[in-house]
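Beneath this line is the structure, given in structure tokens, with notes to follow.
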Amino acid sequence: MKILFVNACVRGEASNTLKLCRAALTTLLEKYPEALLVEVDLDSDRPEPLYPEEVAQRSALHAEKAYDHPIYAYAREFAAADKIVIGAPYWDLAFPAVLKIYLERICAVDVTFAYSPEGKPNSLCRADQLLYISTAGGPVEGFNLGFDYIRALSNVFFGIEDVRCFMIPCLDTGIDIPTTIGEGEEQIRTMVEAWA
Ligand SMILES: Cc1cc2nc3c(=O)[nH]c(=O)nc-3n(C[C@H](O)[C@H](O)[C@H](O)COP(=O)(O)O)c2cc1C
């Protein structure tokens with residue numbers, strides 16, 4: 006069993022979102038001690054957007070069915086995971102741009118999904134569950150656009166129906182952050198125990 010952690014917590018160890026992710030992953034590993042945890046650290050990887058040269062290269066590789074090429078590394082890793090945890094702070098009503106770049110790279114035809122003759126996307130991913138973890142400075146109230154997008158991609162392309170969000174809003178409104186995050190860590194551990 007492989008657990009994939011996509012770490013888009015741009016502030017690194019200072020990130021409150023990352024603290025919640027670590028609590029969720031600890032609980033997952035307690036539940037599945039035999040599991041292999043693979044972390045994609047987008048802060049250190051710093052993937053680039055797909056510029057025209059790479060779009061053309063990817064098309065050429067696709068025509069040759071050369072899916073072992075490094076350009077597909079993220080997509081292959083995502084397709085092979087059994088459970089997926091994505092951590093990202095709430096930025097500009099969604100998430101940091103580096104996560105969009107990651108998503109751009111995992112939406113790869115014939116690696117994470119394939120089109121049927123009728124043009125319907127069918128998943129090539131193993132995962133059955135995805136947990137999205139975030140924190141926001143203010144209220145989110147109907148504009149959880151990052152999660153909505155992740156859920157749509159998961160449902161439509163990756164065939165993952167069980168897509169959950171754990172979000173703590175209003176962290177930058179003068180509340181006691183360590184206490185709130187401490188309570189959040191307990192809540193997320195309880196949630197993961199019951200969910201995964
Ligand atoms: C570039 C940037 C954009 C942000 N955009 C929003 C936003 O649209 N709405 C909001 O409520 N908070 C916003 N925030 C505040 C963060 O969501 C909040 O501080 C969050 O808890 C940070 O998580 P972290 O500790 O994991 O980095 C933004 C922060 C930054 C740095």
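Counting in this note's numbering, the sequence shown runs from 6 upward without gaps. Backbone N, C-alpha and C define an ideal beta-carbon position, used for all residues, glycine too.
{"Asked": "Which value, in whole angstroms, describes the spacing of the CA atoms of Phe163 and Ala40?", "Found": "21 Å"}
{"Asked": "Considering only the alpha carbon of each residue, which of Leu9, Ile186 and Trp200 lies closest to Glu82?", "Found": "Leu9"}
{"Asked": "Could you check whether the Cβ of Asn149 sits closer than 6 Å to any heavy atom belonging to ligand 1?", "Found": "no"}
{"Asked": "With hydrogens ignored, establish whether the beta-carbon of Ser20 is closer than 6 Å to any heavy atom of ligand 1.", "Found": "yes"}
{"Asked": "Might you give, ordered along the chain, the residues of its own chain that have their beta carbon closer than 7 Å to the beta carbon of Ala119, omitting 5 neighbours on each side?", "Found": "Asn127 and Leu129"}
{"Asked": "Assuming Lys7 and Ala201 form a contact by the criterion Cβ under 8 Å, report the distance between their Cβ atoms to the nearest whole angstrom.", "Found": "Going by Cβ atoms, the distance from Lys7 to Ala201 rounds to 13 Å, so no, they are not a contact pair."}
{"Asked": "Are the Cβ atoms of Leu33 and Val168 separated by less than 7 Å?", "Found": "no"}
{"Asked": "Taking 6 Å as the cut-off, is the CB of Thr178 close to at least one heavy atom of ligand 1?", "Found": "no"}
{"Asked": "Taking only runs that begin and end inside the segment 102-142, name each unbroken alpha helix (DSSP H) of 4 or more residues, in chain order.", "Found": "102-111"}
{"Asked": "Excluding the five sequence neighbours on either side, which residues of its own chain have a C-beta within less than 6 Å of the C-beta of Gly189, listed in chain order?", "Found": "Leu25 and Ile173"}
{"Asked": "Which residues in the same chain as Pro3 place their Cβ atom closer than 7 Å to its Cβ, once the five residues preceding and following it in sequence are excluded?", "Found": "Coverage of the chain is limited to positions 6 through 201, which leaves residue 3 absent and any answer about it impossible."}
{"Asked": "According to DSSP, what are the bridge partners of Gly92?", "Found": "Asn12 and Ile138"}
{"Asked": "As a quick exercise: from Thr184, Asp133 and Phe100, pick the residue whose alpha carbon is nearest that of Ser159.", "Found": "Asp133"}
{"Asked": "What three-state label does DSSP hand Met172 in the structure shown?", "Found": "strand"}
{"Asked": "Which partner residues of Ala99 appear in the DSSP bridge assignment?", "Found": "Trp96"}
{"Asked": "Among Ala28, Gln62, Pro122 and Arg131, which has the Cα closest to the Cα of Glu191?", "Found": "Ala28"}
{"Asked": "Grab me the residues of Ile186's own chain with a C-beta within less than 6 Å of its C-beta, minus the 5 sequence neighbours each way, in chain order.", "Found": "Asn21 and Lys24"}
{"Asked": "Thinking C-alpha only, which one of Asp97, Lys88, Thr140 and Lys125 is nearest Val11?", "Found": "Lys88"}
{"Asked": "What number of angstroms, rounded off, separates the C-alpha of Ala264 from the C-alpha of Val15?", "Found": "No answer is possible for residue 264: it lies beyond the span of the chain, which begins at 6 and ends at 201."}
{"Asked": "Which residue or residues does DSSP assign as beta-bridge partners of Asp167?", "Found": "Gln134"}
{"Asked": "Quick one, which of Leu136, Asp153 and Ala13 has its alpha-carbon nearest Leu47's?", "Found": "Ala13"}
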